[in-house]
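Peer 1:
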Amino acid sequence: MGSRSDFETMQGALDTLAALGVGYEVRVLSAHRTPGLLPTYAARAERLNLTCIIAGAGGAAHLPGMLAAFTRVPVLGVPVQSRALSGQDSLLSIVQMPAGIPVATFAIGVAGAKNAALFAAAMLAGTDSGVRDRLQAYRDAQTRAVLDDPWFEGH
Ligand code: RP5
Numbered sequence: 001m002g003s004r005s006d007f008e009t010m011q012g013a014l015d016t017l018a019a020l021g022v023g024y025e026v027r028v029l030s031a032h033r034t035p036g037l038l039p040t041y042a043a044r045a046e047r048l049n050l051t052c053i054i055a056g057a058g059g060a061a062h063l064p065g066m067l068a069a070f071t072r073v074p075v076l077g078v079p080v081q082s083r084a085l086s087g088q089d090s091l092l093s094i095v096q097m098p099a100g101i102p103v104a105t106f107a108i109g110v111a112g113a114k115n116a117a118l119f120a121a122a123m124l125a126g127t128d129s130g131v132r133d134r135l136q137a138y139r140d141a142q143t144r145a146v147l148d149d150p151w152f153e154g155h
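Quick note on UniProt numbering: the sequence shown kicks off at 1 and runs consecutively.
#1: Closer than 8 Å by C-beta to phenylalanine 152: which residues in its own chain qualify, once you throw out the five before and the five after it? Chain order, please.
#2: Comparing C-alpha positions only, which one of Asp149, Ala111, Ala125 sits nearest to alanine 13?
#3: How is residue 167 classed by DSSP in three states: helix, strand or coil?
#4: Starting from the Cα of methionine 97, find the closest Cα among Gln11, Leu67, Ser129, Asp148 and give me that residue.
#5: By the 10 Å Cβ neighbour count, where 16 or more other Cβ atoms means buried, how is glycine 56 classified, buried or exposed?
#6: Measuring alpha carbon to alpha carbon, tell me which of Arg83, Pro35, Thr51, Phe106 ends up nearest aspartate 128.
#7: When you compare the segment 59-66 with the segment 83-101, are there three or more beta-carbon pairs, one atom per stretch, that lie closer than 8 Å?
#8: Is any non-hydrogen atom of ligand 1 found closer than 7 Å to the C-beta of serine 5, if you look at the structure I gave you?
#9: Going straight from the alpha carbon of residue 158 to that of alanine 125, what length do you get?
#10: From the DSSP secondary-structure annotation, give me the bridge partner or partners of proline 79.
#11: Would you decide whether glycine 100 is buried or exposed? Buried here means 16 or more other CB atoms lie within 10 Å of its CB.
#12: Here's a check: name, in chain order, each residue in its chain whose Cβ is nearer than 6 Å to the Cβ of leucine 85, leaving out the five neighbours to either side.
#13: For threonine 105, name the three-state secondary structure that DSSP assigns.
#14: How many angstroms separate the CA atom of proline 102 from the CA atom of alanine 69?
As structure tokens, then:
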């Protein structure tokens with residue numbers, strides 16, 4: 001994430017990964033305040049053969065795009081909801097990449113952070129049957145929660 005202030009949002013990704021038993025590491029890296037660390041971290045991601053990088057940032061959210069420029073590891077971008085523009089700035093900064101350097105872009109805020117984690121799990125599910133089963137169980141539980149809600153049948 002681009003700042004410690006993004007943590008509240010990105011906690012949604014960490015909790016979801018933990019619930020699915022997917023390993024992760026967490027870093028604060030800023031495209032603007034620590035630009036020199038980006039190629040270093042990108043090289044680490046390749047060395048560790050990480051499945052993907054979930055990069056959350058807000059405002060002029062250049063972190064996901066810059067990381068994607070430095071590594072072939074897939075980057076999942078999460079637009080953090082900014083105070084000034086409610087995350088519209090983050091979303092447009094992340095989604096509107098030039099052809100050639102893709103960033104998979106998710107919803108603004110916690111929903112995007114959770115979905116990025118679920119997407120990462122889905123990437124792993126093809127080769128890891130444990131993750132596949134836990135992801136399926138997560139989805140089944142979500143469906144059950146709707147069906148079991150008394151509001152489902154009406155009041
Ligand atoms: C971005 O600037 C960060 O991703 C964060 O969302 C935003 C504000 O950062 P702070 O000033 O709160 O550290 O780089």
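Beta carbons: idealized from backbone N, C-alpha and C, even for Gly. These numbers were taken from a predicted model, which means no experiment stands behind them.
Peer 2: In brief:
#1: Within the sequence shown, numbered from 1, the residue matching residue 152 stands at position 152. Shown here for phenylalanine 152: same chain residues with a beta carbon closer than 8 Å to its own, the five before and five after excluded, namely Val146 in chain order.
#2: As a working mapping, residue 13 is identified with position 13 in the sequence shown. Checking every option, the nearest Cα to that of alanine 13 belongs to Ala111.
#3: The chain is shown only over 1 to 155; residue 167 falls outside these bounds and no answer can be derived.
#4: Translated into the one-based positions of the sequence shown, residue 97 becomes position 97. Distance check between methionine 97 and each of Gln11, Leu67, Ser129, Asp148 places Leu67 closest, using alpha-carbon atoms only.
#5: The residue given as residue 56 occupies position 56 in the sequence shown. Answer is buried; the Cβ neighbour count reaches 16.
#6: As a first step, residue 128 must be located in the sequence shown, where it is residue number 128. Comparing Cα positions, the closest option is Thr51.
#7: yes
#8: Here residue 5 refers to the residue found at position 5 when the sequence shown is read from its first residue. Serine 5 Cβ: within cutoff of ligand 1.
#9: For residue 158 there is no data in the structure shown, the boundaries of the chain being 1 and 155.
#10: Counting from one through the sequence shown, the residue named residue 79 turns up at place 79. Ala57, per the DSSP bridge assignment.
#11: For the purposes of this step, residue 100 is identified with residue 100 of the sequence shown, where counting begins at 1. With fewer than 16 Cβ atoms within 10 Å of its Cβ, glycine 100 is classed as exposed.
#12: Position 85 of the sequence shown holds residue 85. So the list is empty, once near-sequence residues are dropped.
#13: Position 105 of the sequence shown holds residue 105. Threonine 105 falls in the strand class under three-state DSSP.
#14: For the purposes of this step, residue 102 is identified with residue 102 of the sequence shown, where counting begins at 1. For the purposes of this step, residue 69 is identified with residue 69 of the sequence shown, where counting begins at 1. Each residue's Cα considered, the two are about 9 Å apart.
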